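Participant: Per the working numbering, the very first residue in the sequence shown carries number 180; after that it's consecutive.
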Amino acid sequence: MAKIIDGKAIAKKLRAVVAKQAAVLKEQAITPGLAVILVGDDPASEIYVRSKERAAAKVGVDAKTFKYPNDATEEEILTQINALNQDETVDAILVQSPVPSQINEQTIQEAILPAKDVDGFHPENSGRLFAGQTGNYPVANTPRGVMTMLHHEAIDLDGKHAVVLGRSILVGRPMFALLQKANVSVTLLHRYTPADLRRQLLATADIVVVATGVPDLIMGADLKPGATVIDVGMNRLPNNKLVGDVNFDTAQKVAGAITPVPGGVGPMTIATLLETTVELAAHHHHIELEHGWQNI
């Protein structure tokens, strides 16, 4: 049976480190500031934003939410972003997805200053990642959280083969780039990858990261014995049960290590968001901090 990678426990350790980092900044009269823009009344988004606010307060991050109605215009959101870009008390800006159809999400993301782009979606930041550059720039929080989990679990990465399923800018593409930077040979699959080719590649994968939004896409029979399986999927079934993209019951009998859903990657995303916020605040004030994952 696979080892269960406890995302809640790792996230708790990371939040403790982030709280210590925030305390160091507070000694210098600096409170990391996170601004969240929420457009519309999507219940899931509202729940997620409230959880971010609660988590931020616990580690010493000042999180403020700017809520707009579903019929808000793109110009209104751009005006708000411009104000936050100029606000010296705001170190990190996040636009909660999804946004209503009248708002171009790419336009909104590109309006955020790269130095305040806590999600790492601005082309300047994502471009640096895909170019393999080192340095202090934000990276998409879910993939970064996955890397923290892999390091925490001492998963051997050098020279390994990883398969990443899903090519979104939120998870798949930055995950591909981060694994490459860690000396992993990475294959990126998507909805147009033929099923037989997908099975062939999965059978050779030491590490599998799945972020497709398709329940039970990956079964235990698809996996290489001993593989590390990271399930980023979050799907609610008609019976209200929350499941990932991997069939957990069959996969845990084959994998060497696996993340559960819920309780795996999800908690790491919020903890990493807070880590990035504190790092952006430190960078804003020219203060050096150690990376959180190195201390958990």
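Positions of the beta carbon are idealized from the N, C-alpha and C atoms, including for glycine.
A quick note: this is a predicted structure, and the numbers were derived from the prediction, not measured.
Please report the Cβ distance between A436 and I184, rounded to the nearest whole angstrom; I am assuming they are in contact, meaning their Cβ atoms lie under 8 angstroms.
Facilitator: Along the sequence shown, one-based indexing puts residue 436 at 257. Along the sequence shown, one-based indexing puts residue 184 at 5. Right, their Cβ atoms sit about 5 angstroms apart.
Participant: Only counting runs of 3 or more residues, tell me where the beta strand (DSSP E) segments fall wholly within the stretch 215 to 248, in order along the chain.
Facilitator: 241 to 247
Participant: Out of curiosity, what's the CA-to-CA distance linking A460 and A341?
Facilitator: The residue you call residue 460 lines up with position 281 of the sequence shown. The residue you call residue 341 lines up with position 162 of the sequence shown. So the alpha carbons of these two residues sit roughly 33 angstroms apart.
Participant: So, helix, strand or coil for L273, using DSSP?
Facilitator: Numbered from its first residue, the sequence shown carries residue 273 at position 94. In this structure, L273 counts as strand in the three-state DSSP scheme.
Participant: Throw me the rounded Cβ distance for the D241 and T286 pair, which I believe falls under 8 angstroms.
Facilitator: The count along the sequence shown starts at 1 and reaches residue 241 at position 62. The count along the sequence shown starts at 1 and reaches residue 286 at position 107. With 8 angstroms as the limit, D241 and T286 do not qualify as a contact, their Cβ atoms being about 27 angstroms apart.
Participant: Could you tell me which residues DSSP puts in a beta bridge with K182?
Facilitator: Within the sequence shown, numbered from 1, the residue matching residue 182 stands at position 3. In the DSSP output, where bridge partners are listed per residue, K182 has A436.
Participant: Near H364, what residues of its chain come up, given a Cβ to Cβ distance below 6 angstroms and the 5 sequence neighbours on each side ignored?
Facilitator: Residue 364 sits at position 185 when you count from the first residue of the sequence shown. Reading off the sequence, residue 364 comes out as Ser, not His. Here the set comprises H340.
Participant: Quickly, what does DSSP pair V203 with across the bridge? List them, please.
Facilitator: The residue given as residue 203 occupies position 24 in the sequence shown. In the DSSP output, where bridge partners are listed per residue, V203 has none listed.
Participant: Is G445 closer than 8 angstroms to N426 when the C-beta atoms are compared?
Facilitator: Locating residue 426 in the sequence shown gives position 247, counting from the first residue. Locating residue 445 in the sequence shown gives position 266, counting from the first residue. No, these two residues do not count as a Cβ contact at 8 angstroms.
Participant: For T455, which of L336, A361, D250, P293 has the nearest alpha-carbon?
Facilitator: Numbered from 1 along the sequence shown, position 276 holds the residue referred to as residue 455. The shortest Cα separation from T455 among L336, A361, D250, P293 belongs to P293.
Participant: State the start and end residues of the unbroken alpha helix (DSSP H) segment that holds I260.
Facilitator: Mapped onto the sequence shown, residue 260 falls at position 81. It spans 253 to 265 - the alpha helix (DSSP H) in which I260 sits, taken as one unbroken run.
Participant: Taking the Cβ atom as the reference point for each residue, do A208 and G239 lie within a distance shorter than 8 angstroms?
Facilitator: If you number the sequence shown from 1, residue 208 lands on position 29. If you number the sequence shown from 1, residue 239 lands on position 60. The answer is no: Cβ separation not under 8 angstroms.
Participant: So does the stretch 276 to 284 actually touch the stretch 327 to 334, counting three or more Cβ pairs closer than 8 angstroms?
Facilitator: no
Participant: If I measure Cβ to Cβ from V422 and keep anything under 7 angstroms in the same chain, skipping five residues before and after, which residues do I get?
Facilitator: Here residue 422 refers to the residue found at position 243 of the sequence shown. Excluding residues within five positions, the ones whose Cβ falls inside 7 angstroms are P394, N414, L416, V440.
Participant: DSSP on N414, reduced to helix/strand/coil?
Facilitator: For this step, residue 414 is matched to residue 235 along the sequence shown. If DSSP states are grouped into helix, strand and coil, N414 belongs with the strands.
Participant: Secondary structure at T455, three-state DSSP: helix, strand or coil?
Facilitator: Indexing the sequence shown from 1 puts residue 455 at position 276. It is helical.
Participant: How far does the alpha helix (DSSP H) with A310 in it reach, from first residue to last?
Facilitator: Here residue 310 refers to the residue found at position 131 when the sequence shown is read from its first residue. Unbroken run through A310: none, as it is neither H nor E.
Participant: Return yes when the Cβ of F245 is within less than 8 angstroms of the Cβ of Q259, no when it is not.
Facilitator: Looking up residue 259 in the sequence shown gives position 80. Looking up residue 245 in the sequence shown gives position 66. For Q259 and F245, yes; Cβs fall inside 8 angstroms.
Participant: Within the stretch 287 to 348, note down every full beta strand (DSSP E) run reaching 3 residues or more, in order along the chain.
Facilitator: 340 to 344
Participant: Indicate the three-state DSSP secondary structure (helix, strand or coil) for I189 in the structure shown.
Facilitator: Sequence index remark: in the sequence shown, residue 189 carries index 10 (1-based). Three-state result, I189: helix.
Participant: When you compare the CB positions of L193 and T327, do they come within less than 8 angstroms of one another, or not?
Facilitator: As a first step, residue 193 is located in the sequence shown; it is residue number 14 there, counting from the start. As a first step, residue 327 is located in the sequence shown; it is residue number 148 there, counting from the start. Inclusion of L193 and T327 in the CB contact set at 8 angstroms is warranted, their separation being smaller than that value.
Participant: Here's the rule: buried if 16 or more other CB atoms are within 10 angstroms of the residue's CB, otherwise exposed. What is T407?
Facilitator: Translated into positions along the sequence shown, residue 407 becomes position 228. Per the 10 Å Cβ criterion, buried.
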